[in-house]
Amino acid sequence: MIPECCTAIFDALPAPPLPFLPAFLCGLFFATAMLVYLYHKQTKKPYKIIFIDILRRVFYLLPTTDHAESTECSNPDCVRCKQYSQLKIQMVDKWKFLDPKHKKASSRIKAAVEKIQEEVESYLEEEKVDENISSEDSDSEESSYQKPTLFHLQQLAANPFWNDFDVFKLETGLLQLNYKIIVTEFTRVFQALQNGDTWGWKLNDIKKGHWCIFPFIDQGVLNESNCRRCPNIASLLDNLPSIMKDCVFGNACFSLLYPDSCISPHYGPTNIRLRCHLGLHCPKGSWLDVHNKKYYWKEEGTLIFDDSYKHSATFQPQPDSARAIPRAILMIDFWHPDINTQEKYILLDLWSP
Numbered sequence: 001m002i003p004e005c006c007t008a009i010f011d012a013l014p015a016p017p018l019p020f021l022p023a024f025l026c027g028l029f030f031a032t033a034m035l036v037y038l039y040h041k042q043t044k045k046p047y048k049i050i051f052i053d054i055l056r057r058v059f060y061l062l063p064t065t066d067h068a069e070s071t072e073c074s075n076p077d078c079v080r081c082k083q084y085s086q087l088k089i090q091m092v093d094k095w096k097f098l099d100p101k102h103k104k105a106s107s108r109i110k111a112a113v114e115k116i117q118e119e120v121e122s123y124l125e126e127e128k129v130d131e132n133i134s135s136e137d138s139d140s141e142e143s144s145y146q147k148p149t150l151f152h153l154q155q156l157a158a159n160p161f162w163n164d165f166d167v168f169k170l171e172t173g174l175l176q177l178n179y180k181i182i183v184t185e186f187t188r189v190f191q192a193l194q195n196g197d198t199w200g201w202k203l204n205d206i207k208k209g210h211w212c213i214f215p216f217i218d219q220g221v222l223n224e225s226n227c228r229r230c231p232n233i234a235s236l237l238d239n240l241p242s243i244m245k246d247c248v249f250g251n252a253c254f255s256l257l258y259p260d261s262c263i264s265p266h267y268g269p270t271n272i273r274l275r276c277h278l279g280l281h282c283p284k285g286s287w288l289d290v291h292n293k294k295y296y297w298k299e300e301g302t303l304i305f306d307d308s309y310k311h312s313a314t315f316q317p318q319p320d321s322a323r324a325i326p327r328a329i330l331m332i333d334f335w336h337p338d339i340n341t342q343e344k345y346i347l348l349d350l351w352s353p
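Just so it is clear: in the sequence shown, position 327 is 327 by full-length UniProt numbering, and no numbers are missing.
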């Protein structure tokens, strides 16, 4: 009786103007378009970037792309590209609203900010903001070879390599003490990558070869998904006293450089950080060049260097490059040891992601 009643009710309803499937697809299209528009309005990202992000979320095996510090990028929020003018303008605006006591706390930060402020005001007066406002041409009092592309803080000790100095002993000791744990978690995500799972990896755009990273901290932002996949490494990073977090200059990641690849010589964005490499897989024919001096990575070995000096990385072609395992390191950015606690707080305010 009930089925017959329901059938009678449905039969009495008017036929829809569109069949179900076309109507469903039409509604889905308009709903998606509205969500994309609202997302664009909130983030100011180009529609092209938004659609690519959507595709990556739907098809998780679609690789994400990133780029080296020396290459151009369409992402206006990225500190690795040459669109540094907006970051400088934002930093100058933050400085204006900073507590006057903090402004007086560090004369060298004040001098660095005022120099950038002069650059920004000069361009704004001409009603033309150059996309490549840069500090590359400003020489350091300590070293004319240091040429950070974005922010240069004077009166910091300047050395291309720091392994011979008594710095970051606790941090490097913790890394070496937990080396087997780090290798175990790296091996797990690397084997997944070899099996086609590129989730969490970023492909850096370089002129020759193949370079990709698995970020835990990306320009100061914690990558929670990758940290969940490597919980022990995430916990270890959280316990490194000098690690640079919550700052656009801070990064921590696995870095893979494949055979027949070269990261072209370039300068890092700032001299307020020092970069640490922990060797995980270090085949022959791979090296780092900093200030015209080669360093050959060693497994379980740590290297501390200043990437505001010109530097590059190379992995020569191998007999069977298609099957060769890439050079693999854990890369971590540390605060320069000459920067005191109060200066860190000021810099975190100015260069928050």
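Glycine is no exception: its CB is placed at the ideal position from the N, C-alpha and C atoms.
Please read these numbers as outputs of a predicted model, since none were measured by experiment.
Does DSSP classify residue i as helix, strand or coil?
i: H102; result: helix
i: residue 357; result: The structure shown does not extend to residue 357, since the chain spans only 1 to 353, so no value can be given for it.
i: W162; result: coil
i: S286; result: strand
i: V79; result: Confidence at V79 is low in this model, with a pLDDT of 47, below 50, so its placement is unreliable and the value that follows should be read with caution. Coil.
i: L153; result: coil
i: Y250; result: Note on residue identity: the sequence assigns Gly, not Tyr, to residue 250. Three-state DSSP puts G250 in coil, outside helix and strand.
i: S312; result: strand
i: W95; result: helix
i: I217; result: strand
i: E299; result: strand
i: K293; result: strand
i: E343; result: helix
i: H210; result: coil
i: C26; result: helix
i: I233; result: helix
i: E240; result: Looking at the sequence shown, residue 240 is not Glu but Leu. In this structure, L240 counts as coil in the three-state DSSP scheme.
i: S264; result: strand
i: R228; result: helix
i: Y60; result: Here Y60 scores only 40 on pLDDT, less than 50, and its place in the model is too uncertain to base an answer on.
i: R275; result: strand
i: H336; result: coil
i: S255; result: strand
i: S74; result: Low per-residue confidence applies at S74: pLDDT is 45, beneath 50, and the placement is therefore not dependable, though the value from the model is reported in the following sentence. Note: S74 maps to coil in three-state DSSP.
i: Q318; result: coil
i: I304; result: strand
Taking residue i as the reference, which of the options has the closest Cα?
i: T270; options: Y258, E299, S308 and L256; result: S308
i: G173; options: L278, T341 and A158; result: L278
i: L347; options: Y295, G301, L98 and C282; result: L98
i: N340; options: S242, H281 and K208; result: S242
i: S85; options: K101, A105, S122 and P100; result: S122
i: H311; options: E300, G200 and R275; result: R275
i: P160; options: F29, R273, A33 and P19; result: R273
i: F254; options: G200, S286 and G301; result: G200
i: S225; options: E299, K207 and T198; result: T198
i: L193; options: R229, K104 and M331; result: R229
i: F206; options: L38, G220 and I263; result: Per the sequence shown, residue 206 should be read as Ile rather than Phe. If we check each option's Cα against that of I206, I263 comes out closest.
i: P317; options: T302, I329 and K284; result: K284
i: L236; options: M91, I116, A112 and L330; result: L330
i: P148; options: I233, A112, V120 and H102; result: A112
i: Q342; options: H102, Q191 and Q90; result: H102
i: C227; options: I182, Q191 and V290; result: I182
i: E119; options: I89, V290, K169 and P231; result: I89
i: H291; options: S144, K115, Y47 and V189; result: S144
i: F168; options: N239, K96 and T187; result: N239
i: K202; options: N223, P22 and K294; result: N223
Residue i and residue j look like a contact to me (Cβ under 8 Å); what is the Cβ gap, rounded to whole Å?
i: P259; j: F315; result: 5 Å
i: R108; j: Q146; result: That pair is no contact at about 14 Å.
i: H281; j: E299; result: 7 Å
i: V248; j: G268; result: Not a contact, Cβ separation roughly 12 Å.
Just to confirm, are residue i and residue j a CB contact at a threshold of 8 Å?
i: P319; j: L256; result: no
i: D246; j: P353; result: yes
i: N204; j: I213; result: yes
i: P215; j: N251; result: yes
i: K344; j: W351; result: no
i: S261; j: H210; result: yes
i: K94; j: D349; result: yes
i: D166; j: M244; result: no
i: D338; j: A157; result: yes
i: L288; j: A313; result: yes
i: E185; j: I233; result: yes
i: residue 417; j: L87; result: This structure leaves residue 417 out entirely; the chain is present only between 1 and 353.
i: I304; j: N195; result: no
Check: Can you list the alpha helix (DSSP H) stretches of 4 or more residues lying completely in the stretch 158 to 208, in chain order?
Finding: If we require 4 residues or more, the alpha helix (DSSP H) runs fully inside the stretch 158 to 208 come out as 169 to 177 and 179 to 194.
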